[in-house]
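Enquirer: Input: one structure, supplied below.
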Amino acid sequence: MPRVVLLGSSPGPDAAPGQATPAALTLPALPGCPTVIGKLHGQLASLDPEPVTIVRSGDAAAHRGFPGSLVETSDLAGDLRAVADAVEGATENLLFLPTNSLIHDELIYQITKSKRGALALITKEPREEDENGDVIVPDVPIDEALPEIGDRRLEGLPVRVRARKSRVISVGSAYHGVTRPNSVLLGPLHLHHKHAPVLAEAARELADMAHLLGPDDDLVQLLVLGLVRKGVSVGIRGRRDLFFRRVSSPEEAAEALAEMSTFDEDKARLNNAVKGADGFFTTYFVSTYSRFIARWAARRGLTPNQVTLISIALGVAAALCFATGERAGMVAGGVLIYFAFVFDCVDGQVARYARKFGVLGAWLDATFDRFKEYVVFAGLAVGAAVSGVGDVWTLALIALGVQSIKHLLDFSYGAANRRKPPSPLPSVALSVSADTGLRQALEERKNARTGGIRNLLRLWGRAGRYRTVHWARKMIVFPIGERFAAIAIVSALFDARITFLTLIIWGGIGAAYSLTGRLMRSLA
């Protein structure tokens, strides 16, 4: 579970001591959490029952009485040093949140489950992108650019972040320049504990130069600035269909809460239960409705492992139908193998929706995916012999071998990549005002990674922006959805021999494509 650090001095502009602070902002008729900070503490109790709250001394009264430790500071330098002290030596991942945040539980969950070393919530206006994937923003002064970056009531922060593709590449402050900012950092920041020493060092360096920083410099933004300048890759995430807003008055709190109630958090949670990188068949012919089966199952207490057992039973039933060798049995087997795959998707969606994960479930899911597939191969081969189609066991063994080799390639390449250390990013001293050196270092790093194979891979990657190419690339590797669809359709319309030939030809093409791509990436 992550260690939570609440930043009571983070919002810009901060309320003056003695005035209504973000923690003291009242919420309309919410039992158990009459203030913004009370609601936030309730949401975070399951993550960290003893969070660290860093707040200015003049505003500390509004934060007393809540669980955890309270650290009082007097200025921005004190805030930064308190952050350094709170994270130094951390052995758990860290979640930073301003105390005036109104946020969905599901958004907190998604941020804290990120596998990135660091992840920040940002808002970025959709715009035309250049060839490097940069969002094109006119070169105008920051003040003139503000109206173009969305609803200012939701952010209340200066546009001092430049994002490219999936990560932050530059952050500014009153002292630190940022070339062509195109994003606003909203507030939440999740950090892997391995980067905690880097953050502590950066926070102390920024504290020493606090006299160069301005009153509008947001504390979370400064932390991201320190990480980026120290060479830590900070990923980005938008709000999407969930709600986040920082409020600075009771009126804003009431307005934000009313707006928050218009979002369907359960729908967002259900959509998040569906994998975002599935194949064409799974995306359009299964996940469009399987999520609703998953929600129905989760609400009735079915566990992912129980759903996995239903999938296995359907797979075995399909194999028995195929083994009859009759046309009705082949059609019934096709229908059953399709629904075996549907429930194979449902078990993972139940796990993600109900947040019930386990080593046993993951092992069962991976192991019995293969079991269902191979027992169906056996059923088709037996059915072919019974119906007089002929001996197709050789074809069945070839299909099994092709698929096993493909699984081996997938596993070995994934294992090799997990052992490979990430390529280090350039770093620039925090004492340097301009981000020119950082941008030049990134450009040199990019140019150093060029060559015939790299350029070819880059072109192929850009081609994936086109929807047709994207789905063609997904389908050619013959993922499990396409394999089960091929078995269901071809066996129902033709016979076992044609089914195995389809699996061998398509599977062979997919294995050759995967092997070629991985060899090229390894050489590059």
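First residue of the sequence shown: 3, per our numbering; consecutive thereafter.
Cβ coordinates follow ideal geometry from the N, Cα and C atoms, glycine included.
When you compare only the Cα positions, how much space is there between D371 and R239?
Expert: D371 and R239: Cα-Cα distance of roughly 32 Å.
Enquirer: I need the DSSP call for A1, collapsed to helix, strand or coil.
Expert: Lying outside 3 to 526, the shown extent of the chain, residue 1 is not represented and no answer is given.
Enquirer: Starting from the Cα of A383, find the closest Cα among I500, I455, V170 and give me that residue.
Expert: Selected option, being the one with the closest Cα: I500.
Enquirer: Between the stretch 304 to 318 and the stretch 460 to 478, are three or more C-beta pairs nearer than 8 Å?
Expert: Counting Cβ pairs under 8 Å, fewer than three are found: no touch.
Enquirer: In the structure shown, what three-state DSSP assignment does V430 receive?
Expert: V430: coil per DSSP, three-state reduction.
Enquirer: Going by the CB atoms, is the gap between F480 and G509 shorter than 8 Å?
Expert: Cβ distance < 8 Å, so G509 and F480 count as in contact.
Enquirer: Can you tell me where the alpha helix (DSSP H) holding H197 begins and where it ends?
Expert: Taken as a continuous stretch (DSSP letters only), H197 belongs to no alpha helix (DSSP H), as it is neither H nor E.
Enquirer: What's the C-alpha gap between P53 and H43?
Expert: P53 and H43: Cα-Cα distance of roughly 9 Å.
Enquirer: At 3 residues or longer, what runs of the beta strand (DSSP E) sit wholly inside the stretch 54 to 91?
Expert: As far as the stretch 54 to 91 is concerned, its whole beta strand (DSSP E) runs of at least 3 residues are 54 to 58, 71 to 75.
Enquirer: Using DSSP with H/G/I as helix, E/B as strand and the rest coil, what is V222?
Expert: Of the three classes helix, strand and coil, the one that applies to V222 here is helix, per DSSP.
Enquirer: Looking at C-beta atoms only, is the number of pairs between the stretch 264 to 273 and the stretch 468 to 486 that lie closer than 8 Å three or more?
Expert: No: fewer than three Cβ pairs fall under 8 Å.
Enquirer: Restricting to Cα atoms, I'd like to know which of P190, H192, A319, A209 is closest to S76.
Expert: Closest by alpha carbon: A209.
Enquirer: Got a sec, what are the start and stop residues for the alpha helix (DSSP H) G509 sits in?
Expert: 498 to 525 is the extent of the alpha helix (DSSP H) around G509.
Enquirer: My assumption, with CB atoms under 8 Å, is that V161 sits in contact with P183. Please give the rounded CB distance.
Expert: Correct: roughly 5 Å between the Cβ atoms.
Enquirer: With distance defined between alpha-carbon atoms, name the residue in H197, I124, A198 nearest to R166.
Expert: Ranking H197, I124, A198 by Cα distance to R166 puts I124 first.
Enquirer: Using DSSP bridges, identify the partner residues of G216.
Expert: In the DSSP output, where bridge partners are listed per residue, G216 has none listed.
Enquirer: For a test of the three-state rule: what should DSSP assign to R302, helix, strand or coil?
Expert: Residue state, collapsed to three classes: coil.
Enquirer: Hey, K232 and S429: beta-carbon distance below 8 Å or not?
Expert: Going by C-beta atoms, K232 is nearer than 8 Å to S429.
Enquirer: Just the C-alpha distance for F496 and A368, rounded to the nearest angstrom, thanks.
Expert: Between F496 and A368, the C-alpha separation is close to 29 Å.
Enquirer: So what does DSSP say about R248, is it helix, strand or coil?
Expert: The answer is strand: DSSP assigns R248 an E or B state.
Enquirer: At what residues does the beta strand (DSSP E) containing H43 begin and finish?
Expert: Counting along the chain, H43 falls outside any beta strand (DSSP E), though it belongs to the alpha helix (DSSP H) covering 38 to 46.
Enquirer: Going by DSSP in three states, T284 sits in which element: helix, strand or coil?
Expert: Looking at T284 - three-state DSSP - the assignment turns out to be helix.
Enquirer: DSSP on L362, reduced to helix/strand/coil?
Expert: In the structure shown, L362 sits in a helix (DSSP, three-state: H, G or I).
Enquirer: Using the rule of at least 16 other Cβ atoms within 10 Å of the residue's Cβ for burial, across every protein chain shown, is P143 buried or exposed?
Expert: With a pLDDT of only 36 at P143, under the threshold of 50, the placement of this residue in the model should not be trusted; the figure read from the coordinates follows. Looking at its Cβ environment, which holds fewer than 16 other Cβ atoms inside 10 Å, P143 is exposed.
Enquirer: Could you pull the DSSP bridge partners for R5 from this structure?
Expert: Partner(s): L96.
Enquirer: When the Cβ atoms of the stretch 216 to 229 are set against those of the stretch 167 to 179, are three or more pairs found closer than 8 Å?
Expert: Result yes; three or more Cβ-Cβ pairs closer than 8 Å.
Enquirer: Please classify K41 as buried or exposed, where buried requires at least 16 other C-beta atoms within 10 Å of its C-beta.
Expert: So K41 counts as buried.
Enquirer: Strictly by DSSP, which residues pair up with R239?
Expert: Paired residues: L123.
Enquirer: Looking at Q223: is its Cβ nearer than 8 Å to the Cβ of S292?
Expert: No; because the gap between Cβ atoms is not below 8 Å, this pair is not in contact.
Enquirer: Taking contact to mean 3 or more Cβ pairs, one atom from each stretch, closer than 8 Å, check whether the stretch 279 to 298 and the stretch 54 to 67 are in contact.
Expert: Because the criterion of three Cβ pairs below 8 Å is not met, the stretch 279 to 298 and the stretch 54 to 67 do not touch.
Enquirer: Need the endpoints of the alpha helix (DSSP H) that H472 sits in, please.
Expert: Looking at the DSSP string, the run of the alpha helix (DSSP H) that includes H472 is 469 to 478.
Enquirer: Between the stretch 317 to 329 and the stretch 337 to 355, do at least 3 Cβ pairs fall closer than 8 Å?
Expert: Counting Cβ pairs under 8 Å, three or more are found: they touch.
Enquirer: Do the stretch 107 to 123 and the stretch 234 to 253 meet, that is, are 3 or more Cβ pairs less than 8 Å apart?
Expert: They touch, by the three-pair rule.
Enquirer: Within the same chain, show all residues whose beta-carbon is closer than 8 Å to that of A386, passing over the 5 residues directly before and after it, in chain order.
Expert: Result list for A386: G327, G392, D393, V394, D497, A498, R499, in chain order.
Enquirer: What does a CB cutoff of less than 7 Å around Y355 pick up in its chain, not counting 5 residues either side in sequence?
Expert: Closer than 7 Å at Cβ, skipping near neighbours: R271, L272, A275, A296, R297, A300.
Enquirer: CB-CB under 7 Å to A84, same chain, minus the five flanking residues each way: which ones, in chain order?
Expert: The residues are I56, V73, T75.
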